[in-house]
Amino acid sequence: MQHIFLESHNIKNQHFGFGQFNYHLIKGLYNANIEDFKITLHAKDTHVLKEEFGTYFNYKKYYSLRRHKAFRIRKKYDLWHCLNQNIKIEPHHDIPYLLTVHDVNFIDEVSNDLNHERNIKFQNKLNRSSAITYISEYAKQSTHQYFKVPNVPEYVIYNGNPIIDIEIPENHKPKLTSKKPYLFSIGEFTERKNFHALVEMLAFLPEYNLILSGNNNTEYANSTLQNTIRELKLENRVIITGKISELDKQYYMQNCDAFVFPSLREGFGIPPIEAMRFGKPVFLSNNTSLPEIGGKHAFYWNNFEPNYMAEILKEGLDTFKKNKTELSQNYIKHAKSFNWNDTAKQYIEVYKSILFKK
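The opening position of the sequence shown corresponds to residue 1 in UniProt numbering, with each subsequent residue numbered one higher.
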C-alpha cells in the first residue's frame with residue numbers, strides 16, 4: 001500500500017485559516033473512505049485526532065525540532081503533501097512532493113526582493129514540487145507573477161465552506177451582542193484585513209453598529225484600529241469580541257444585516273461564503289481573490305473612501321431588500337457549491353496522479 005504524509009501540524013490552531021484548511025481537508029479525506037493508500041497526519045495533539053478519526057489515519061507527533069535539517073523525518077513516504085507555503089518542515093528524502101499554495105502575500109508583507117530568505121525558501125519549495133495546487137486562480141497567477149514555477153502539473157482547487165448545516169440552538173446567544181442592527185466581520189486583526197476602513201465607514205451609517213471578531217491581540221488592533229475608533233468617538237458602536245466559538249460566529253452571521261470584508265489581500269476568503277450560507281448580503285473589496293470567490297453574488301468596494309463605502313453599502317442593502325427571497329436563495333446556493341467533501345475528492349485525484357503515474 002502507498003503511504004502519504006500530510007504535513008498538517010497547523011491544525012493545532014483552528015482560529016486561523018491554515019488550521020481550518022487542515023481540519024476540513026482532513027475531515028473530507030476521512031469522509032471519502034479511501035482504500036487506495038494510507039495517510040499519516042502530523043500534529044502536536046494526535047490524541048484529539050485519534051478520538052475523531054480512529055484508525056482511518058496513521059499519526060505522527062509533531063516536534064518543532066523537525067524544522068532543522070538534522071532532525072527531519074527519516075521515513076521515506078511515497079508522497080509528501082505540504083499543506084501551505086509557509087511550512088518550515090521538509091522531508092529528509094527526495095520524494096514526490098505536493099505543495100499547496102494559499103497566497104504569496106509575503107511579497108507585500110515581508111519583502112519583494114527575490115533574494116530575501118523568505119522568498120528563497122518558497123522558491124525552493126516550488127523547485128522540489130512534483131505538482132502544485134492553488135486555492136484560487138488568483139493564488140496561481142500571483143505565484144507565476146513573482147516566482148519561477150517549474151514545469152509540473154498545476155491545479156486550482158477551491159476550499160470548501162465549513163458551514164453546510166446551521167446548528168445554532170434556539171437559546172444560544174453570545175456574551176456580546178448589539179441592540180441596534182449591525183454589520184459583522186471576522187478575521188485576524190492585521191493591516192491586510194483593513195478593519196479600520198469599516199470603522200471610518202460606520203461614521204456615515206448612524207443606524208448601524210459594527211461587530212468585529214477574531215484574534216485582536218495584535219499591534220494593528222491596539223494602534224491603528226483603536227486610534228480610529230477613539231478619533232471618531234465610536235466606542236459605543238464598535239463591538240470587538242476577540243476570538244469566538246463556532247456557534248457565536250454562526251449567530252453573528254445569522255443575525256447581521258450584512259457581512260463586510262474590506263480585505264486588502266486574500267488567497268481565498270472563507271468568511272464571505274460562510275455568511276452567504278445564511279443568505280446574507282456580502283460586501284467585499286474588489287481585490288485579489290475576492291471577486292473570484294464572491295462572483296456576481298457579492299457587492300464590491302473599488303476604494304476605501306468612507307462616504308463612498310457607506311453609499312455602496314446602502315445601495316446594496318436597498319437592492320437586497322427589494323429582492324430578498326430570490327437573492328438569499330442565490331447566496332445560499334452559491335455558498336453550498338463550495339463543499340469540503342468535493343474539495344477532498346479533487347485532492348485525492350491529485351494524489352493518485354502522482355502515486356500511480358505511469
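Ideal Cβ placement from N, Cα and C applies to all residues, glycine included.
Check your understanding: To the nearest whole angstrom, what separates the beta carbons of I11 and I26, a pair I think is in contact under 8 Å?
Key -> Contact holds; Cβ gap of about 7 Å.
Check your understanding: In chain order, what residues of the same chain have a beta carbon less than 6 Å from the beta carbon of L29, not counting five sequence neighbours either side?
Key -> Taken in chain order, the residues that qualify are A344.
Point to revise | Contact set for K61: own chain, Cβ-Cβ below 6 Å, skip 5 residues either direction | key: Taken in chain order, the residues that qualify are T46.
**Study point:** Boundaries (first-last residue) of the alpha helix (DSSP H) holding Q254
**Key:** For Q254, the uninterrupted alpha helix (DSSP H) segment begins and ends at 246 to 255.
Check your understanding: Going by C-alpha distance, which of A197, L205, I186, T190 is nearest S213?
Key -> Considering only alpha carbons, the answer is I186.
**Study point:** Closest residue to P262 among K243, A197, I312, P281 (Cα-Cα distance)
**Key:** Between P262 and the set K243, A197, I312, P281, the nearest pair of CA atoms involves A197.
Exercise for review: May I ask you to list the residues that DSSP assigns as paired with W301?
Suggested key: Paired residue(s): S285.
Practice item. Jot down the residue ranges of each uninterrupted alpha helix (DSSP H) in the segment 9 to 93, minimum 4 residues, whole runs only, in chain order. Key: Correct list: 17 to 31, 46 to 53.
**Study point:** Same chain, Cβ closer than 8 Å to F147, neighbours up to 5 away in sequence not counted
**Key:** Spatial neighbours of F147 in its own chain (CB-CB distance under 8 Å, excluding positions within 5 residues in sequence) are listed in chain order as V104, L114, N119, F122, Q123, L126.
Exercise for review: For D248, I'd like the list of residues in its chain whose CB is within less than 6 Å of its CB, leaving aside the five on either flank, ordered along the chain.
Suggested key: Cβ neighbours of D248 beyond the five flanking positions: P174.
Exercise for review: Can you say whether S64 is buried or exposed, counting buried as having 16 or more other CB atoms within 10 angstroms of its CB?
Suggested key: Counting of Cβ neighbours within 10 angstroms places S64 among the exposed residues, the total staying below 16.
Practice item. Could you please give me the residues that DSSP links to V101 through a beta bridge? Key: DSSP output for V101 lists Y134 as bridge partner(s).
Check your understanding: Can you tell me whether DSSP reads G187 as helix, strand or coil?
Key -> In the structure shown, the three-state DSSP call for G187 is coil.
Point to revise | According to DSSP, residues forming a beta bridge with V350 | key: As DSSP reads the structure, V350 sits in no beta bridge.
Check your understanding: Touching or not, the segment 142 to 158 and the segment 179 to 195, by the rule of three or more beta carbon pairs under 8 Å?
Key -> Segments in contact, no.
Check your understanding: With respect to the beta strand (DSSP E) encompassing L114, which residues constitute its N-terminal and C-terminal limits?
Key -> Neither: L114 is in no beta strand (DSSP E) and is coded neither H nor E.
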